[in-house]
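K.L.:
Number of protein chains: 2
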Amino acid sequence: MIRINEHYRKLKASYLFVEIARRVAAHAAAQPERPVIKLGIGDVTHALPSVAVEGFRKGIAEQAGDETFHGYGPEQGYEFLRELIATADFGERGCDVSADEIFVSDGAKCDTGNFQELFAADITVAVPDPVYPVYVDTNVMAGRTGIWRDGRYDGLVYLPGTSENGFVPPPPSQPVDLVYLCFPNNPTGSTATKAELAEWVSYARKTGAIILFDAAYEEFIRDDSLPHSIYEIDGAREVAVEFRSLSKTAGFTGTRCAYTVVPRELKAFDSQGSPHSVRDLWNRRQSTKFNGVSYPVQTAAAAVFTPEGRKEIRARSDYYLENAALIRTTMEELGYECSGGFNSPYVWIRTGTDSWAFFDDVLNRAGVVITPGAGFGLHGEGYVRISAFNHREKVIEALSRIQAALR
Amino acid sequence: MIRINEHYRKLKASYLFVEIARRVAAHAAAQPERPVIKLGIGDVTHALPSVAVEGFRKGIAEQAGDETFHGYGPEQGYEFLRELIATADFGERGCDVSADEIFVSDGAKCDTGNFQELFAADITVAVPDPVYPVYVDTNVMAGRTGIWRDGRYDGLVYLPGTSENGFVPPPPSQPVDLVYLCFPNNPTGSTATKAELAEWVSYARKTGAIILFDAAYEEFIRDDSLPHSIYEIDGAREVAVEFRSLSKTAGFTGTRCAYTVVPRELKAFDSQGSPHSVRDLWNRRQSTKFNGVSYPVQTAAAAVFTPEGRKEIRARSDYYLENAALIRTTMEELGYECSGGFNSPYVWIRTGTDSWAFFDDVLNRAGVVITPGAGFGLHGEGYVRISAFNHREKVIEALSRIQAALR
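So the protein lines, in turn, are chains A and B. Be aware that the first sequence starts at 23, since it is given in my numbering, and climbs by one per residue. Be aware that the second sequence starts at 23, since it is given in my numbering, and climbs by one per residue.
In structure tokens:
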């Protein structure tokens, strides 16, 4: 008789954004006269950049003719795209990343979720708290945790991000094997300096850990002193994987394209202590369980890395950053302590109260959807996240409703 | 110190089609004057159907405007597409499948590869032999097998498909927990009758097994007595998952869209014997590790299910089936016993010889790429697979080269 993967039973009832969607639907049904404004989930609201639309159309025109048709593509992504990424995202910032270390995929959610498959079931995993839930839930499913108890899973090492450490947790005192980091951070909007990342790289080199570095929001960095990539830190190629995404930077949330960098020097070890190339393991995983990204999506993505495309997405992220500054200013005027909103599309707001109650309050009184910090972990309690992804007039309207409701 | 998933070490050196690509590249470098003709990997060669191109363009036009833009979509796929699938693929054949039991994805390779995650690590798995390698390799990675020995993995139950059973293996004498079946079959081209599938459904109901039914080639069935879906068999909803794909049927190999049906009645059990909905487990898995299919790909897919689209893909599969008949006739004339080629785009040819040697011989003497049966398992030895996916003139040229080389 077939038995389930019992680890699924440890999962909390519902993925955070599914629960939010449920509450929003209930509210909308109860108060249909005032449309809700969504500053919750980090989903972009503006049309796909025009260069990407053109790139998309070009790809489809090729698919429409027998002579130019593309069937199965490389599981790793087309070289034309990987070469562009290597140059634009890494080479130009002085990072040594080559095209054959880049794996194109349909989403950073998939990649950050799947990468743990390469490692042993009994390794020790460290995650930030607050945390993007995918890092945690995928390790729960893989059996690397105990049960859920008092707001945490047994067996995981939590790295508290607090106002005291500027929401940049330092390395823990004990050794761990796998560490998830995300900067600019989701949900706190915090950024890590080169010195802070160097401390993590040094920790990983010393303890033999691997860092899974989620850089999905690097496009929003404006402070030139801040690193965009972990490979700006010496020695990172031996200890870090980096995840990137076009979702927020180029409006690809509905179009789906991301990429992951796995340097050739990165090794993990078998039980005899022999090293294995993590790049080769990921390549094997992707070749076996994935069939590459839609060809026209890859031509759309390639267009983003042209000089024209980069100018267009810069203007786009400028716009969202202006929204973020408005949100932060307004919430500070209302007396709340804030993090993020600069170099990040998220503002992390200390409410001091039960964050689901604050979420419900803002939803019911202002008709605005935000995200309760408690959904991101124990250290998210007492905070909420407001996302800058919306049209300016919607953001202004939402802030004015929030001001009226909370003042 | 980080340790690898040791199960990856059990995997054979390389995925079948990677090895073929390697040999073809070496051959092309050595004999550049005669371009090789590919009848190996089952990749379509004709342009995307015009209705799908139009659907694709419509989706992109929507992505190009703020008012019509789609960001993150449902992880399960858009309802407009799932409703069309439920009616066209199932309702019209008398199968009771509803839209909320359909999960749209970027490939049947991903879904057939990922589905095993829902089950315990120590269940017993049965696979056909010959077999689509993804069913096997993903279970090796998950630790459900022992080592590779004498052409097989310890711990897997192999179901031999032989000329004696018409390449339709009957249920085994022992109980197993999870069974992979594929009809029309890849690689043998065999089809299962309703009576044969009913025997499997009855076995699964009796033993508490779940059948993962891969119907990626159902579009090629022309014999009206043959089932297209396992849900044409009474009682299948309690024991079977079905995988479908637009890759071969609608030329989506480079565009990427597939779907999986998980009926509400399907249950698996925890260690206390309590039932759990497999649909809900899959929904949780997809919500956590997947972010939905590209919106324009879904509008392209939806166009395939219109009356016009279905007419176009029928004409396309007719064309490939005519190729298949030519291949089968020619190989039979050359004295080879064949299976498939009717109701299937694959012809499975008994050579009686070492199949990699036969592959090399056809590649070197005829410049034609086929697939060695041994790559699909022990019972593939002595066979090769020829795929009908190519242009008619290429197929005719390939067959004439093969005739000259082998006669």
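From the three backbone atoms N, C-alpha and C, an ideal C-beta is built for every residue, glycine too.
Per DSSP, GLY362 (chain A) forms a beta bridge with which residues?
P.N.:
Numbered from 1 along the first sequence, position 340 holds the residue referred to as residue 362 (chain A). Per DSSP, A:VAL369.
K.L.:
In the region 122-141 of chain A, which residues sit with their C-beta less than 7 Å from some C-beta in chain B, listed in chain order?
P.N.:
ASP128, GLY129, LYS131, CYS132, GLY135, ASN136, GLU139, LEU140, PHE141
K.L.:
Taking only beta-carbon positions, decide if ALA86 (chain A) is within less than 8 Å of chain B.
P.N.:
In the first sequence, counting from the first residue as 1, residue 86 (chain A) sits at position 64. Closer than 8 Å to some Cβ of chain B, the Cβ of ALA86 (chain A) qualifies, so yes.
K.L.:
Which residue marks the beginning of the beta strand (DSSP E) containing ARG407 (chain B), and which one marks its end?
P.N.:
Here residue 407 (chain B) refers to the residue found at position 385 of the second sequence. Counting along the chain, ARG407 (chain B) sits inside the beta strand (DSSP E) bounded by residues 405-409.
K.L.:
Name the residues in the region 274-292 of chain A whose C-beta lies less than 7 Å from a C-beta of chain B; which are they?
P.N.:
THR275, GLY276, THR277, ARG278, ALA290, PHE291, ASP292
K.L.:
Please classify SER361 (chain A) as buried or exposed, where buried requires at least 16 neighbouring CB atoms within 10 angstroms.
P.N.:
Within the first sequence, numbered from 1, the residue matching residue 361 (chain A) stands at position 339. By the 10 Å Cβ count, SER361 (chain A) comes out buried.
K.L.:
Grab me the residues of THR275 (chain B)'s own chain with a C-beta within less than 6 Å of its C-beta, minus the 5 sequence neighbours each way, in chain order.
P.N.:
For the purposes of this step, residue 275 (chain B) is taken as residue 253 along the second sequence, with counting starting at 1. These residues qualify, in order along the chain: ASP65, VAL66, SER269.
K.L.:
Please indicate yes or no: does the CB of ALA231 (chain A) lie closer than 7 Å to some heavy atom of the ligand ATP?
P.N.:
By its list of ligands, the structure shown contains no ligand whatsoever, and the ligand ATP lies outside what it can speak to.
K.L.:
Counting C-beta neighbours from all protein chains within 10 Å, is the total for THR109 (chain B) 16 or more, i.e. buried, or is it exposed?
P.N.:
As a first step, residue 109 (chain B) is located in the second sequence; it is residue number 87 there, counting from the start. Exposed.
K.L.:
Please decide whether LEU268 (chain A) counts as near chain B, where near means a Cβ-Cβ distance under 8 Å.
P.N.:
By 1-based counting over the first sequence, the position of residue 268 (chain A) is 246. So, not an interface residue.
K.L.:
I need the boundaries of the beta strand (DSSP E) containing ASP236 (chain B), first residue and last residue.
P.N.:
Here residue 236 (chain B) is taken as the residue at index 214 of the second sequence, counted from 1. Its beta strand (DSSP E) spans residues 232-236.
K.L.:
Evaluate LYS60 (chain A) with the Cβ neighbour count: other Cβ atoms within 10 Å of its Cβ, from every protein chain shown; 16 or more gives buried, anything less gives exposed.
P.N.:
Within the first sequence, the letter at position 38 stands for residue 60 (chain A). Burial call: buried.
K.L.:
Does PHE242 (chain B) come within less than 8 Å of chain A when only Cβ atoms are used?
P.N.:
Numbered from 1 along the second sequence, position 220 holds the residue referred to as residue 242 (chain B). Cβ-Cβ to chain A under 8 Å: no for PHE242 (chain B).
K.L.:
Going along chain A in order, which residues have a C-beta closer than 9 Å to the C-beta of LEU303 (chain B)?
P.N.:
The count along the second sequence starts at 1 and reaches residue 303 (chain B) at position 281. Correct list: ILE26, ASN27, TYR30.
K.L.:
Select from A:TYR37, A:PRO367, A:ASN27 the residue whose C-alpha is nearest the C-alpha of TYR239 (chain A).
P.N.:
Here residue 239 (chain A) is taken as the residue at index 217 of the first sequence, counted from 1. Closest by C-alpha distance to TYR239 (chain A), out of A:TYR37, A:PRO367, A:ASN27, is A:PRO367.
K.L.:
Report yes or no: do the region 393-402 of chain A and the region 414-425 of chain A share at least 3 C-beta pairs separated by less than 8 Å?
P.N.:
Not touching, per the Cβ criterion.
K.L.:
Below 8 Å between beta carbons: does that hold for VAL326 (chain B) and ALA74 (chain B)?
P.N.:
Counted from its first residue, the second sequence places residue 326 (chain B) at position 304. Counted from its first residue, the second sequence places residue 74 (chain B) at position 52. Yes; because the gap between Cβ atoms is below 8 Å, this pair is in contact.
K.L.:
Does any residue of chain B bring its CB to less than 8 Å from the CB of ASN313 (chain A)?
P.N.:
Translated into the one-based positions of the first sequence, residue 313 (chain A) becomes position 291. It does: the Cβ of ASN313 (chain A) has a partner Cβ on chain B nearer than 8 Å.
K.L.:
Is the CB of VAL417 (chain B) under 8 Å away from at least one CB in chain A?
P.N.:
Within the second sequence, residue 417 (chain B) is the residue found at index 395, counting from 1. For VAL417 (chain B), the answer is no, since every Cβ of chain A falls outside 8 Å of its Cβ.
K.L.:
Any beta carbon of chain B sitting closer than 8 Å to that of ILE107 (chain A)?
P.N.:
Position 85 of the first sequence holds residue 107 (chain A). Not an interface residue.
K.L.:
List, from N- to C-terminal side, the alpha helix (DSSP H) runs of 4 residues or more that fit wholly inside the region 292-379 of chain A.
P.N.:
Listed in chain order, the complete alpha helix (DSSP H) runs (minimum 4 residues) inside the region 292-379 of chain A are 300-311, 317-326, 329-355.
K.L.:
Find the residues of chain B that neighbour TYR1 (chain A), judging by a C-beta separation of less than 7 Å, and give them in chain order.
P.N.:
The structure shown does not extend to residue 1 (chain A), since chain A is modelled only from 23 to 429, so the question has no answer here.
K.L.:
Please state whether DSSP places ALA26 (chain B) in a helix, a strand or coil.
P.N.:
Counting from 1 along the second sequence, the entry for residue 26 (chain B) is found at position 4. The question names Ala, but residue 26 (chain B) in the sequence shown is Ile. Strand.
K.L.:
For ASP199 (chain B), would you say it is in contact with chain A, using Cβ-to-Cβ distances shorter than 8 Å as the test?
P.N.:
Within the second sequence, numbered from 1, the residue matching residue 199 (chain B) stands at position 177. Using a Cβ-Cβ cut-off of 8 Å, ASP199 (chain B) counts as an interface residue toward chain A, since at least one Cβ of chain A sits closer than that to its own.
K.L.:
Could you round the C-beta distance between SER309 (chain B) and VAL40 (chain A) to whole angstroms and report it? I think they count as a contact, below 8 Å.
P.N.:
Here residue 309 (chain B) refers to the residue found at position 287 of the second sequence. Here residue 40 (chain A) refers to the residue found at position 18 of the first sequence. Indeed they touch by this definition, with Cβ atoms about 6 Å apart.
K.L.:
Where in the region 71-110 of chain B do unbroken runs of the alpha helix (DSSP H), each at least 4 residues long, occur, reported from the N-terminal end onward?
P.N.:
72-85, 101-107
K.L.:
Let's test the definition: count the other Cβ atoms within 10 Å of the Cβ of THR282 (chain A) and tell me whether it reaches 16, buried, or not, exposed.
P.N.:
Here residue 282 (chain A) corresponds to residue number 260 of the first sequence, with the count starting at 1. The residue is buried, with at least 16 neighbouring Cβ atoms inside 10 Å.
K.L.:
Rounded to whole angstroms, what is the Cα-Cα separation between PHE364 (chain B) and SER267 (chain B)?
P.N.:
Along the second sequence, one-based indexing puts residue 364 (chain B) at 342. Along the second sequence, one-based indexing puts residue 267 (chain B) at 245. Going from the Cα of PHE364 (chain B) to the Cα of SER267 (chain B) covers about 19 Å.
K.L.:
Please identify, using Cβ separations under 7 Å, the residues of the region 355-383 of chain B that lie next to chain A, in order along the chain.
P.N.:
none
K.L.:
Are ARG278 (chain A) and ASN305 (chain B) closer than 8 Å when you measure CB to CB?
P.N.:
Within the first sequence, residue 278 (chain A) is the residue found at index 256, counting from 1. Within the second sequence, residue 305 (chain B) is the residue found at index 283, counting from 1. No.
K.L.:
Establish whether the CB of PRO54 (chain B) and some CB of chain A are separated by less than 8 Å.
P.N.:
Against the second sequence, residue 54 (chain B) aligns to sequence position 32. Chain A, which has no Cβ nearer than 8 Å to the Cβ of PRO54 (chain B), makes this no.
K.L.:
Assuming the contact rule is C-beta atoms closer than 8 Å, TYR180 (chain A) and VAL149 (chain A) should be a hit. Round their C-beta distance to whole Å, please.
P.N.:
To locate residue 180 (chain A), count along the first sequence from 1; it is residue 158. To locate residue 149 (chain A), count along the first sequence from 1; it is residue 127. Indeed they touch by this definition, with Cβ atoms about 6 Å apart.
K.L.:
Return no unless some Cβ of chain B is closer than 8 Å to the Cβ of ASP340 (chain A).
P.N.:
Reading the first sequence from its first residue, position 318 is the one you call residue 340 (chain A). Not one chain B Cβ lies under 8 Å of ASP340 (chain A).
K.L.:
Going along the chain, which residues of the region 75-105 of chain B sit with their C-beta nearer than 7 Å to a C-beta in chain A?
P.N.:
VAL75, PHE78, ARG79, ILE82, GLN85, ALA86, GLY87, ASP88, PHE91, HIS92, GLY93, TYR94, GLY95
K.L.:
Taking 8 Å as the threshold (C-beta atoms), are PRO318 (chain A) and GLY81 (chain A) in contact?
P.N.:
One-based indexing of the first sequence puts residue 81 (chain A) at position 59. One-based indexing of the first sequence puts residue 318 (chain A) at position 296. Cβ distance < 8 Å, so GLY81 (chain A) and PRO318 (chain A) count as in contact.
K.L.:
Between the alpha carbons of SER431 (chain A) and GLY183 (chain A), how many angstroms are there, rounded?
P.N.:
Missing from the structure shown is residue 431 (chain A); chain A here goes from 23 to 429 and no further.
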